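Student: So the sequence shown is numbered by the UniProt record's numbering: it starts at 1 and just counts up by one. The C-beta atom is built at its ideal place from N, Cα and C for all residues, glycine as well. Note that this is a predicted model, so its numbers are computed, not measured.
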Amino acid sequence: MDSAPPVGDFHPFDSPRARRLLGVLILMMILATIAVGARLISRKIKGANLWWDDWLAVTALTFNYLNNACTLYQIIVGGIGNHTPLIPMENLIKLAKSLPLAQCLYALNMGLIRLSICMLFLRIFRIDKTFRRLVYGATAANVAWIIFNIFIVCFRCIPFSKNWNVDEPGHCVSELVVTTIVAATGTAMEFFIWSIPIPLVWKLHMSTSRKIALTGVFLLGLFDIAVGIVRVVTVVNVSYVDQSWGEEPAVEWILTETGVAIVVACLPICPPIFRKALPASMRSFHKHSNNSFQGNKKGYYQSQEDHFQLVGNLSGGKNTAFAKGPVGRSTSESEGDANSDGVVQGTGDPEMGRVRVQQTFAVE
């Protein structure tokens, strides 16, 4: 095996793997930026204030930039994508020192975007208690996952400097075991979070085709889950003999996973900007579409993304429902007129428990 070349003779982008990794980094960063930008513009089009889910998405994008910057450093200085014997020892030490930081940035990036998804669900479905408990549980588990990742980074090697100085006395937990556990638990959590709203969607009073369409929106998370599964498989097959070369596919899928996660988390918020691009006649059709809601003993559910907040209960053997439009005015087919707060109260048979609202405005 040839000895490592002098520092000045190292050219990282001579390797096709390094060039490919750079291409993936740039592509995913552009897509994530466009997705968050479209999300913010969509909220502005609706005249809605930014909420926790939006700010968490912006924060996740910030950590995505930091993670990408760290990866770029690992390519240019650390030589990821190149065979280890071709990289100067000084550069390999710098690569090893950057790995704990990269792991923390990855955990914060993915953790924040999952928190954004949880906050989005809480904003949309404000009534069902079981649903909210599941979301709160997912939120707590996700925070624990972030803390676990950072804890592992800090204490995988004792002393910490053994991360890059393998000859120093001490011990390290197997990097393969740690990265596999982190990747597998993260993917499992992704699956759980995206599956939470699907049963609730099928309780909504709307056509089957609309239920399928709304379910499809939440199943967008399957793209990120699929990427996560591929990443788990890639991590398991990493070669640590020629680490700078063998880790490149895993890093490539990390970049893809974080970018796709941001995109799919933002897509459910983006219909307003998509509708803005439609012809005027089609925009008018969407604007005057009907939204239907059905209640049961547990309350009423909000149909479509963030259109109305509904509150329901059983009172005197009848269902009482309130539909409030945050911005604009609404009309109702049920008895009763809107009060000064834009709230319509209606009563009906307990088995029906339905309020049908004609939407004629943008809402938060």
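Quick one: using the 10 Å Cβ neighbour count with 16 as the cut-off for buried, is Glu27 buried or exposed?
Tutor: Correcting the residue type first, residue 27 is Leu in the shown sequence and not Glu. Under this definition Leu27 is an exposed residue.
Student: Which of the three DSSP states, helix, strand or coil, is assigned to Val87?
Tutor: According to the sequence displayed, residue 87 carries Ile and not Val. Of the three classes helix, strand and coil, the one that applies to Ile87 here is coil, per DSSP.
Student: DSSP has Cys172 in a bridge; who is on the other side?
Tutor: Bridge pairing for Cys172: Cys157 [DSSP].
Student: So the candidates are Cys270, Pro159, Asp14, Glu190; which of them puts its Cα closest to the Cα of Ile113?
Tutor: Checking every option, the nearest Cα to that of Ile113 belongs to Glu190.
Student: Ignoring anything shorter than 4 residues or poking outside the region 182-222, list the alpha helix (DSSP H) runs there in chain order.
Tutor: 197-201, 208-218
Student: Could you give the DSSP three-state label for Ser42: helix, strand or coil?
Tutor: helix
Student: Is the region 191-198 touching the region 132-149 in the sense that three or more CB pairs, one from each, lie closer than 8 angstroms?
Tutor: Touching, yes, given that three or more Cβ pairs across the two stretches are closer than 8 angstroms.
Student: Are the beta-carbon atoms belonging to Val260 and Val217 less than 8 angstroms from one another?
Tutor: no
Student: Apart from the five residues on each side of it in sequence, which residues of its chain come closer than 7 angstroms, Cβ to Cβ, to Asp242?
Tutor: His83, Thr84
Student: Please tell me whether Leu176 and Tyr240 are closer than 8 angstroms, where the distance is taken between their beta carbons.
Tutor: yes
Student: Note down the Cα distance separating Ile117 from Asp53, rounded to an integer number of angstroms.
Tutor: 7 angstroms
Student: Could you check whether the region 260-271 touches the region 37-47, counting it as contact only if at least three pairs of C-beta atoms, one from each stretch, sit closer than 8 angstroms?
Tutor: yes
Student: To which residues of the same chain is Trp55 closer than 6 angstroms at the C-beta, ignoring the five residues directly before and after it?
Tutor: Closer than 6 angstroms at the Cβ level, and outside the excluded window around Trp55, lies no residue.
Student: May I ask you to report which of helix, strand or coil DSSP gives Tyr240?
Tutor: coil
Student: Between which residues of its own chain and Glu252 is the CB-CB distance below 6 angstroms, once the five residues before and five after are set aside?
Tutor: Excluding sequence neighbours, Glu252 sits near Leu21, Val24.
Student: Grouping DSSP H, G and I as helix and E and B as strand, with all else coil, what is Asp9?
Tutor: helix
Student: Note down the Cα distance separating Lys44 from Trp51, rounded to an integer number of angstroms.
Tutor: 12 angstroms
Student: Could you tell me the alpha carbon to alpha carbon distance between Asn49 and Val58, rounded to whole angstroms?
Tutor: Distance from the CA atom of Asn49 to the CA atom of Val58, rounded to whole angstroms, is 14 angstroms.
Student: Since Asn109 and Ala60 are thought to touch, with beta carbons under 8 angstroms apart, how far apart are those beta carbons, to the nearest angstrom?
Tutor: Contact holds; Cβ gap of about 6 angstroms.
Student: How many Å lie between Tyr65 and Tyr106 at the Cα?
Tutor: 11 angstroms
Student: Do Phe151 and Pro88 have their CB atoms nearer than 8 angstroms?
Tutor: no
Student: Could you compute how far the alpha carbon of Leu86 sits from the alpha carbon of Cys70?
Tutor: 21 angstroms
Student: Hey, Ala102 and Asn67 are a contact pair by Cβ (cut 8 angstroms); roughly how many whole angstroms apart?
Tutor: 7 angstroms
Student: What separation, rounded to the nearest whole angstrom, lies between the Cα atoms of Leu99 and Leu214?
Tutor: Near 40 angstroms, if we compare the C-alpha coordinates of Leu214 and Leu99.
Student: With DSSP collapsed to three states, give me the class of Leu92.
Tutor: helix
Student: Tell me which residues share the same chain as Val135 and place their Cβ nearer than 7 angstroms to its Cβ, disregarding the 5 neighbours each side in the sequence.
Tutor: Cys118, Phe121, Leu122, Ile196
Student: When the Cα of Phe131 is compared with those of Arg231, Ile198, Val263, which residue comes out closest?
Tutor: Considering only Arg231, Ile198, Val263, the residue with the shortest C-alpha distance to Phe131 is Ile198.
Student: Mind checking whether the beta-carbon of Asn82 lies closer than 7 angstroms to any heavy atom of the ligand HEM?
Tutor: For the ligand HEM, the structure offers nothing, since it holds no ligand at all.
Student: Can you look up Thr50 in the DSSP assignment and give me helix, strand or coil?
Tutor: Here residue 50 turns out to be Leu, not Thr, going by the sequence shown. In the structure shown, the three-state DSSP call for Leu50 is coil.
Student: Mapping DSSP to helix, strand and coil, what is Gly79?
Tutor: In the displayed model, Gly79 falls within coil according to three-state DSSP, outside both helix and strand.
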